[in-house]
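Let me begin by presenting the structure, written as structure tokens, before commenting on it.
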Amino acid sequence: MSTTPQQPPIGKIEQKGIVDLLTKGRRIDERKLTDYRDLKIETGLVQKANGSAMVNLGKTKVMTGIKIELGKPFPDTPNQGVLAVNAELVPFASPSFEPGPPSEGAIELARVVDRGIRESKAIGLEALCVEPKKQVVIVFVDVYVLDHDGNLIDAAAISSLAALLTSKMNRYEMDGEEVRTSDELVPLPVQNEPVAVTTAKIDGHMILDPCLEEELVMSSRLTVTTGRDGSICAMQKGGLGTFTDQEIRQAVKTAIEKGKEIRETIRGAAAGR
Amino acid sequence: MNKPEVKLVDENGVRLDGRKLDELRPIKMDVGVLDKADGSAYIEHGKNRIIAAVYGPREAHPKHIALADRAVIKCRYHMAPFSVEERKSPAPSRRELELSKVIRESLETSIMSEVYPRTSIDIFIEILQSDGGSRCAGITAASLALADAGVPLKEIVAACAVCKIDGKIALDASDIEDKQGDADLPIAFMPKSGVITLLQMDGSLTEEEFNQALDMGIAACKKINEIQVEALKRKYISVKEQAEERHEPQEAKA
Numbered sequence: 001m002s003t004t005p006q007q008p009p010i011g012k013i014e015q016k017g018i019v020d021l022l023t024k025g026r027r028i029d030e031r032k033l034t035d036y037r038d039l040k041i042e043t044g045l046v047q048k049a050n051g052s053a054m055v056n057l058g059k060t061k062v063m064t065g066i067k068i069e070l071g072k073p074f075p076d077t078p079n080q081g082v083l084a085v086n087a088e089l090v091p092f093a094s095p096s097f098e099p100g101p102p103s104e105g106a107i108e109l110a111r112v113v114d115r116g117i118r119e120s121k122a123i124g125l126e127a128l129c130v131e132p133k134k135q136v137v138i139v140f141v142d143v144y145v146l147d148h149d150g151n152l153i154d155a156a157a158i159s160s161l162a163a164l165l166t167s168k169m170n171r172y173e174m175d176g177e178e179v180r181t182s183d184e185l186v187p188l189p190v191q192n193e194p195v196a197v198t199t200a201k202i203d204g205h206m207i208l209d210p211c212l213e214e215e216l217v218m219s220s221r222l223t224v225t226t227g228r229d230g231s232i233c234a235m236q237k238g239g240l241g242t243f244t245d246q247e248i249r250q251a252v253k254t255a256i257e258k259g260k261e262i263r264e265t266i267r268g269a270a271a272g273r
Numbered sequence: 274m275n276k277p278e279v280k281l282v283d284e285n286g287v288r289l290d291g292r293k294l295d296e297l298r299p300i301k302m303d304v305g306v307l308d309k310a311d312g313s314a315y316i317e318h319g320k321n322r323i324i325a326a327v328y329g330p331r332e333a334h335p336k337h338i339a340l341a342d343r344a345v346i347k348c349r350y351h352m353a354p355f356s357v358e359e360r361k362s363p364a365p366s367r368r369e370l371e372l373s374k375v376i377r378e379s380l381e382t383s384i385m386s387e388v389y390p391r392t393s394i395d396i397f398i399e400i401l402q403s404d405g406g407s408r409c410a411g412i413t414a415a416s417l418a419l420a421d422a423g424v425p426l427k428e429i430v431a432a433c434a435v436c437k438i439d440g441k442i443a444l445d446a447s448d449i450e451d452k453q454g455d456a457d458l459p460i461a462f463m464p465k466s467g468v469i470t471l472l473q474m475d476g477s478l479t480e481e482e483f484n485q486a487l488d489m490g491i492a493a494c495k496k497i498n499e500i501q502v503e504a505l506k507r508k509y510i511s512v513k514e515q516a517e518e519r520h521e522p523q524e525a526k527a
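For the protein sequence lines, the chains are R and L, in the order given.
The opening residue of the first sequence carries number 1 in my numbering; numbering runs sequentially from there.
The opening residue of the second sequence carries number 274 in my numbering; numbering runs sequentially from there.
Quick look at the structure:
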């Protein structure tokens, strides 16, 4: 059952400070309204994973590890590999996170990242079928939130894409009835590069990449995930507030533009530049 | 996709169930269908069969979830095991947990929760039969149930999904259109204030297609809202008539 969360208190003065600055077109950390915080991407940190990426978006820190295994396909898609995205809000990442079964926030985070990857067809799932109905490749995307200073969705999507782009897997082939696993490593087939861009609405102002203080005073947020060709592949509105249709159209436009920039940064990091 | 895909729209722009691209499925709503709940509503939207019920404002349980300045809103979207082709486990899935959250957020906007501090308003949505767009029909019904419970609302929320089938933007996807379609865009909308309270999307849409779909969805929500208002009026008229019937014989005695 989903329940109205208890918001950690944010001082009325601080709240007023954020809104007053926005009215003047400024933000608490001197960014412009459509600026992202510094984005640092490091790949290949975990050698035992098939791919990994650590993302620092300002003080937000998210790591994603990719594990690739053989397993059974879903009955309704016998010729396709399986994509499974999970998100873990590690208890030390925020005083409001607790150990235990995944919260609805963690589930939403994982499902929004999942939709971006799945709907943009970022992973060629058809190419991951080894033996129809019996053996397919399963790609586990595990998002680890290590430090929560706002905008987890974008940071999680960026680290997932960077990890996927740098993932290597064994080559699997059928040898009669048996699956033969060769030691030769091949790159995971990645066909698209979905990038999530989240717009937060605070007192009528639309800003990108909200930090935690801004998230605590925002009325709502809208995540728009776009693919390589600039088409939209996933969206999610969150929060108790509302958007007018004009605001949504504007957020979509911004997300398409900003997505391009972020995609270039991720490509650079994945290529070791 | 082991089954062969069928053509969803023919060359005249007519869909499998005979609808035009911008046509809604048949919708029927009833308010006050349950006895015990403080408010309830039943909706048939295409093949969707959904009951929504509201309890509260009532004491918050457990107590620590209560908020000092407003009511907490609780929401559960749940599918019956028999509501889909293959039996669904009654345990809540990740999909149901996510939908419960976004539905709560979309309805919470419309509730004047500050009127009942330290209480809880509980919304239950049971999908008895699922067709395409069950979260939207669930929101439509739940908003009626809230009104039926007498919860003070800023406005009634109406919801509808838009889809892309065979490359065309179309309104209100049925089950097969939902499964085979290229995109799904559920929208919840408050017509008087003109604001969107739920928006999700998956699939693939260009910016132009999205803008077209958004317009189509908003127009549909306005139509659905009219049906909601009608259903509420019917309930009040029937209550009034019942009250009058009970009253008349007594007056005759006096």
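The beta carbon of each residue, even a glycine, is placed where N, CA and C say it ideally should be.
Is residue i near the ligand NAD, with its Cβ less than 7 Å from a heavy atom?
i, result
"SER313(L)", "Among the components of this structure there are no ligands whatsoever, and the ligand NAD is therefore not found."
Have a look at residue i and residue j and give me their C-alpha separation to the nearest angstrom.
i, j, result
"ILE138(R)", "SER160(R)", "15 Å"
"ASP247(L)", "GLU119(R)", "Any question about residue 247(L) goes unanswered here, given that chain L covers just 274 to 527."
"ALA492(L)", "ALA333(L)", "37 Å"
"GLN236(R)", "ARG519(L)", "50 Å"
"LEU208(R)", "PRO132(R)", "44 Å"
"LEU528(L)", "GLY406(L)", "Because chain L spans 274 through 527 in this model, residue 528(L) falls outside it and cannot be assessed."
"ALA422(L)", "ASP488(L)", "31 Å"
"LYS59(R)", "ILE123(R)", "29 Å"
"MET385(L)", "VAL424(L)", "8 Å"
"GLN27(R)", "ASP183(R)", "Per the sequence presented here, residue 27(R) reads as Arg, with Gln not at that position. Taking the straight line from one Cα to the other gives about 51 Å."
"CYS433(L)", "CYS494(L)", "6 Å"
"ALA420(L)", "LYS168(R)", "55 Å"
"ILE262(R)", "TYR328(L)", "46 Å"
Please state whether DSSP places residue i in a helix, a strand or coil.
i, result
"PRO459(L)", "strand"
"GLY81(R)", "coil"
"GLY291(L)", "coil"
"PRO91(R)", "helix"
"CYS211(R)", "coil"
"ARG115(R)", "helix"
"MET474(L)", "strand"
"LYS312(L)", "Residue identity check: residue 312(L) is Gly in the sequence provided, not Lys. Correct three-state label for GLY312(L): strand."
"ASP35(R)", "coil"
"VAL357(L)", "coil"
"ASP488(L)", "helix"
"GLN402(L)", "strand"
"GLU108(R)", "helix"
"TYR144(R)", "strand"
"ARG273(R)", "coil"
Please classify residue i as buried or exposed, where buried requires at least 16 neighbouring CB atoms within 10 angstroms.
i, result
"HIS318(L)", "buried"
"LYS437(L)", "buried"
"PHE483(L)", "buried"
"GLY227(R)", "buried"
"ALA364(L)", "exposed"
"VAL287(L)", "exposed"
"PHE92(R)", "exposed"
"THR23(R)", "exposed"
"ASP509(L)", "It should be noted that the sequence gives Tyr, not Asp, for residue 509(L). Exposed, since its Cβ has fewer than 16 Cβ neighbours within 10 Å."
"ASN285(L)", "exposed"
"LYS48(R)", "exposed"
"VAL143(R)", "buried"
"SER383(L)", "buried"
"ALA410(L)", "buried"
"GLU69(R)", "exposed"
"ALA255(R)", "buried"
"LYS260(R)", "exposed"
List, in chain order, every chain A residue whose beta-carbon is nearer than 9 Å to that of residue i.
i, result
"SER167(R)", "The structure shown contains no chain A; the protein chains it does contain are R and L."
Using a Cβ-Cβ cut-off of less than 8 Å, list which residues of the segment 345 to 372 of chain L approach chain R; keep chain order. VAL345, ILE346, LYS347, CYS348, ARG349, ARG367, ARG368, LEU370 and GLU371
Which of the residues in the segment 376 to 390 of chain L, read from start to end, lie with their CB under 7 Å from any CB of chain R? ARG377, GLU378, GLU381 and THR382
Between the segment 467 to 482 of chain L and chain R, which residues of the former have a C-beta closer than 9 Å to a C-beta of the latter? GLY467, VAL468, ILE469, THR470, LEU471, LEU472, GLN473, MET474, ASP475, GLY476, SER477, LEU478, THR479, GLU480 and GLU482
Along the segment 179 to 198 of chain R, what residues have a CB closer than 8 Å to any CB found in chain L? none
Which residues of the segment 236 to 249 of chain R have a Cβ closer than 8 Å to any Cβ of chain L? Give them in chain order. GLN236, LYS237, GLY238, GLY239, LEU240, GLY241, THR242, PHE243, THR244, ASP245, ILE248 and ARG249
Residues, ordered as in the chain, of the segment 292 to 318 of chain L that lie near chain R by beta-carbon distance below 9 Å: none
List, from N- to C-terminal side, the alpha helix (DSSP H) runs of 4 residues or more that fit wholly inside the segment 189 to 267 of chain R. 212 to 217
Pull out every residue of the segment 95 to 119 of chain R whose Cβ sits closer than 7 Å to any Cβ of chain L, in chain order. GLU104, ILE107, GLU108, ARG111, ARG115 and GLU119
Please name the residues in the segment 409 to 437 of chain L whose beta-carbon is closer than 8 Å to at least one beta-carbon of chain R, in chain order. none
Contact set between the segment 1 to 21 of chain R and chain L, restricted to residues whose Cβ is under 8 Å from the partner: MET1, SER2, THR3, THR4 and GLN6
Proximal residues, the segment 251 to 262 of chain R versus chain L, C-beta separation under 8 Å: VAL252, LYS253 and ILE256
What ranges does the alpha helix (DSSP H) occupy inside the segment 11 to 76 of chain R, keeping only unbroken runs of at least 4 residues that lie completely in it? 12 to 23
Contiguous beta strand (DSSP E) assignments of at least 3 residues, all confined to the segment 384 to 455 of chain L: 392 to 402, 431 to 438 and 441 to 444
Mind checking the segment 326 to 338 of chain L against chain R and listing, in chain order, the residues whose C-beta falls within less than 8 Å of any C-beta there? ILE338
At a Cβ cut of 9 Å, what residues of the segment 482 to 516 of chain L count as close to chain R, listed as they run along the chain? GLU482, PHE483, ASN484, LEU487, ASP488 and ILE491
Going along the segment 225 to 236 of chain R in order, which residues come within less than 8 Å of chain L, judged by CB to CB distance? GLY227, GLY230, SER231, ILE232, CYS233, ALA234, MET235 and GLN236
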